[in-house]
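Just so you know, full-length UniProt numbering puts 28 at position 28 of the sequence shown, and the rest follows in order with no gaps.
Taking it in order: structure first as structure tokens, then the write-up.
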Amino acid sequence: MEKMKAIEVMSALAQPTRLEVFTHLSRAMPDGLSAGGLAERIGTPASTMSVHLTILSRAGLVSSTKAGRNVIYKAEPGPVRDLATFLVSDCCVQRGAPSITYDGGKPKA
């Protein structure tokens, strides 16, 4: 992952409502949710939800498909996986530093 793409993904998820949207969409996989369904679950106006979905889409975190009169949004986990790899492998590891491994969600040096 390029540094600018990592920044874009982190920036998109660094806002509470967008993080909540991504979480709801991740839990709704593989079916996804409509913008109205998301807005209702989160308690956000539809116009505001549209802005958040656009930002998440630009970062590659959300995809959309037309289903009749609705647009269904789905989480795209790839960028989050790529970001985790970037942070652990490419960004935060120095030569000679102990490697980082994970056990039950807790980092171990």
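Cβ coordinates follow ideal geometry from the N, Cα and C atoms, glycine included.
Between the CA atoms of residue j and residue i - distance to the nearest angstrom
i: Ala-67; j: Met-1; result: 32 Å
i: Leu-42; j: Val-88; result: Checking the sequence shown, residue 42 turns out to be Ile, not Leu. When rounded, the distance between both Cα atoms is 31 Å.
i: residue 118; j: Ile-72; result: One cannot answer for residue 118 here, as it falls past the ends of the chain, which runs 1 to 109.
i: Pro-79; j: Gly-60; result: 7 Å
i: Thr-54; j: Ala-84; result: 23 Å
i: Lys-74; j: Phe-22; result: 9 Å
i: Thr-17; j: His-52; result: 8 Å
Which of helix, strand or coil DSSP assigns to residue i
i: Ala-28; result: coil
i: Ala-6; result: helix
i: Ala-46; result: helix
Range covered by the alpha helix (DSSP H) that runs through residue i
i: Val-88; result: Segment: none, Val-88 is in no alpha helix (DSSP H) and carries neither H nor E.
Start and end residues, beta strand (DSSP E) containing residue i
i: Thr-65; result: 62–67
i: Ala-75; result: 70–75
Spatially closest choice to residue i from the options, by CA coordinates
i: Val-62; options: Glu-76, Leu-83, Ser-47; result: Glu-76
i: Arg-58; options: Lys-3, Glu-8, Met-4; result: Glu-8
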